[in-house]
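Report on the structure given below.
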Amino acid sequence: MVNKIWGLFIITGIICCLLTGKVEILNQEILNSTKESLDMIIKIFPVMALWLGIMKIASVSGLLKKISTLLSKPLKKIFPDIPKSHESLSYIASNVVANMFGLGNAATPFGLKAMKSLQDLNEKKDTASRSMITFLVLNTSGVTIIPTTIISLRMLYGSTNPTEIVLPCIIATVFGTLGGLIIDWMIARRRND
Amino acid sequence: MINFISSLIIPIMVLVIIIYGLIKKIDIYDEFINGAKESFDIVLTMFPCLLAMIFGINIFLKSNILLYLFNILEPLLNLINIPFPVFPMMLMRPISGSSSLAILNNLLKTYGPDSLIGRLASVIQGSTDTTLYVITLYFGSIGIKKIRYALKVGLLADLIGIIAAIITVNLFFT
């Protein structure tokens, strides 16, 4: 799947650029992507190191285990394959909480850590497990309560009520997330795993 | 109020973790270092995936191929009452967070944040996340190659999120 999409992006992009005579831009863009991805890594790296450090303390002290036991009941419904009070549940919980409050930077390391501990449970190491995909759905439907970036943009352009979109955002997110989880559940069930 | 609570979350979380660690008498400093070290591994496996995705997406976006597509689709969109300028954002949202944010910025500037277009674009940006980025980053970091139905489910979830956004905005603001 990734092979086809990646290939499709590059092939259609290059052909379209060639046909419309944008060879200059194309060359620039090919080089730019290296810089852009390095910038991104440099931005993510220290934040991740910091949070992984803090979370290590929480993990060794047993705090994570405690949180995961608390949250395991509701999360267990969404992730039937994860054993009770497994540490991945607490990482998933931390990720969801950080996302909810619009702390994208803090959410990513938790998400990566959650994936890593889901990988420990995974039997086929190169293939995504059902729980991983469910976690992905939870993540991509974007459970945000306070969309800080959007509010500040709306303020910038002189909205009379910059936060009026918060409630619609929450409602749309809840339905989007529920819908996503239902679809995920249906597909996983049809595939029998 | 909500902003204030949200700014308190991180400091309080750090405080609780540190205090709990001290109570349990573990070497909080050493453990912090150990944990921070793990980031090297993650970043190293993550970088090639990010590079590949950004490379592909940038070429695709800069070709303006989506723009040609919109022109073909415009009459259809008018039929189902979706303001045309928001459509590029709907398509971009699952592919690239920074470009959909750039489009949002543009829409707010052009049409105003309190217009239907401005509100709809804000809610779409706020209620969905970048599926492709999340897949690349999360699966890339643990070396998953076969993603199975992940992309399908992710994109369907985005679609539901966008439909939910359109319905909510129409209910709320008209």
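First to last, the sequence lines map onto chains Z and E. Quick note on our numbering: the first sequence kicks off at 1483 and runs consecutively. Quick note on our numbering: the second sequence kicks off at 417 and runs consecutively. Ideal placement from N, C-alpha and C gives every residue a C-beta, glycine not left out. What you are looking at is a predicted structure, and each value in this text was computed from that prediction instead of being measured.
Item	Value
Contact check, Z:Leu1594 vs E:Ala452 under 8 Å by CB: the rounded distance?	Contact flag wrong, Cβ pair sits at about 14 Å.
Since E:Thr547 is in the alpha helix (DSSP H), which residue starts that stretch and which ends it?	Thr547 to Ser557
Write down the C-beta distance between Z:Ile1492 and E:Ile475 rounded to the nearest angstrom, noting that I regard them as a contact closer than 8 Å.	6 Å
Can you pull out the residues from the segment 1546-1561 of chain Z whose beta carbon lies closer than 8 Å to at least one beta carbon of chain E?	none
From Z:Leu1638 to E:Val459, what does the alpha carbon distance come to, in whole angstroms?	34 Å
Closer than 9 Å, CB to CB, is Z:Glu1605 near chain E or not?	no
Would you say Z:Leu1571 reaches chain E, if we count a Cβ-Cβ gap shorter than 9 Å as a contact?	no
With a cut-off of 9 Å, does the C-beta of E:Val459 fall near any C-beta of chain Z?	yes
Does Z:Leu1620 pass the burial test, meaning 16 or more other C-beta atoms within 10 Å, or should it be called exposed?	buried
Rounded to whole angstroms, what's the CA-CA distance from Z:Arg1659 to Z:Thr1622? Just pull it up for me.	Per the sequence presented here, residue 1659 of chain Z reads as Thr, with Arg not at that position. Cα-Cα distance, rounded: 8 Å.
Quick one: grab the DSSP three-state call for Z:Thr1631.	helix
Among E:Asn480, E:Ala581, E:Asp545 and E:Ile579, which one has its Cα closest to the Cα of Z:Thr1502?	E:Asn480
Please work out which residues of its chain come closer than 7 Å, Cβ to Cβ, to E:Met506, disregarding the five sequence neighbours upstream and downstream, and give them in chain order.	Ile540 and Ile578
May I ask whether a heavy atom of the ligand NAD can be found less than 8 Å away from the beta carbon of Z:Lys1504?	Ligands displayed in this structure: none; no statement on the ligand NAD is therefore possible.
Quick one: which chain E residues come within Cβ less than 8 Å of Z:Phe1491?	Gly472, Ile473, Ile475 and Phe476
From which residue to which residue does the alpha helix (DSSP H) around E:Val502 run?	Here E:Val502 belongs to no alpha helix (DSSP H), and DSSP marks it neither H nor E.
Go to Z:Ala1670, then tell me how far its alpha helix (DSSP H) extends in each direction, as first and last residue.	Val1648 to Arg1672
Taking the alpha carbon of Z:Lys1655 as the point to measure from, which residue in E:Phe503, E:Ala581 and E:Phe588 has its own alpha carbon closest?	Checking the displayed sequence, the identity of residue 1655 of chain Z turns out to be Thr instead of Lys. When each option's Cα is compared against that of Z:Thr1655, the closest is E:Ala581.
Quick one: give me the first and last residue of the alpha helix (DSSP H) that Z:Ser1519 is part of.	Val1505 to Val1542
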